[in-house]
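Student:
Residue numbers (my numbering): 656 to 791.
(1) Apart from the five residues on each side of it in sequence, which residues of its chain come closer than 8 angstroms, Cβ to Cβ, to residue 741?
(2) How many Å lie between residue 780 and residue 753 at the Cα?
(3) Have a look at residue 783 and residue 701 and give me their C-alpha separation to the nearest angstrom.
(4) Measuring CA to CA, which of 680, 713, 707, 698 is closest to residue 747?
(5) Mind checking which residues open and close the alpha helix (DSSP H) that includes residue 728?
(6) Under the three-state reduction of DSSP, which class applies to residue 707: helix, strand or coil?
(7) Is residue 750 helix, strand or coil when you go by DSSP?
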């Protein structure tokens, strides 16, 4: 039981690492040092779990037109994918999508809110081992 609990804890930590969002500066798709650090933590998990596939969802704050924000979200998700692929993650294991400003986590018209909306989120599409046990 203890070994199973430890395994479940490890898998939960790997899921949490893979699903941690990264954030962007206003009107930028370049990865910040903080974003790069978070992405570097995802690489060993993805390399160890070769059956795992992820979707990177690019998001923007609500400043700018819908079309501009959809494009910016796509540029952000593509920048994240390029980072992961450059570190040995197979291209076909990573899909990208943009939601522009549609999936805002905060609606207030202040920087603290806008900064939370400028992000790339990660969804585990095919989990393999990561979903064989469920967190308790």
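Built from N, CA and C at the ideal position, the CB exists for glycine as well.
In this text, all values refer to a predicted model and were calculated from it rather than measured experimentally.
Tutor: On the basis of the coordinates in this document:
(1) Looking up residue 741 in the chain shown gives position 86. Result list for residue 741: empty, nothing under 8 angstroms.
(2) For the purposes of this step, residue 780 is identified with residue 125 of the chain shown, where counting begins at 1. For the purposes of this step, residue 753 is identified with residue 98 of the chain shown, where counting begins at 1. Looking at the two C-alpha atoms, the distance is approximately 16 angstroms.
(3) Here residue 783 corresponds to residue number 128 of the chain shown, with the count starting at 1. Here residue 701 corresponds to residue number 46 of the chain shown, with the count starting at 1. Looking at the two C-alpha atoms, the distance is approximately 11 angstroms.
(4) Locating residue 747 in the chain shown gives position 92, where the first residue counts as 1. Answer by Cα proximity: 707.
(5) In the chain shown, the residue the question calls residue 728 occupies position 73. Taken as a continuous stretch (DSSP letters only), the alpha helix (DSSP H) holding residue 728 covers 721 to 741.
(6) Residue numbering aside, residue 707 sits at position 52 when the chain shown is read from its first letter. DSSP places residue 707 in coil when its eight states are reduced to three.
(7) One-based indexing of the chain shown puts residue 750 at position 95. Here residue 750 sits in strand by DSSP.
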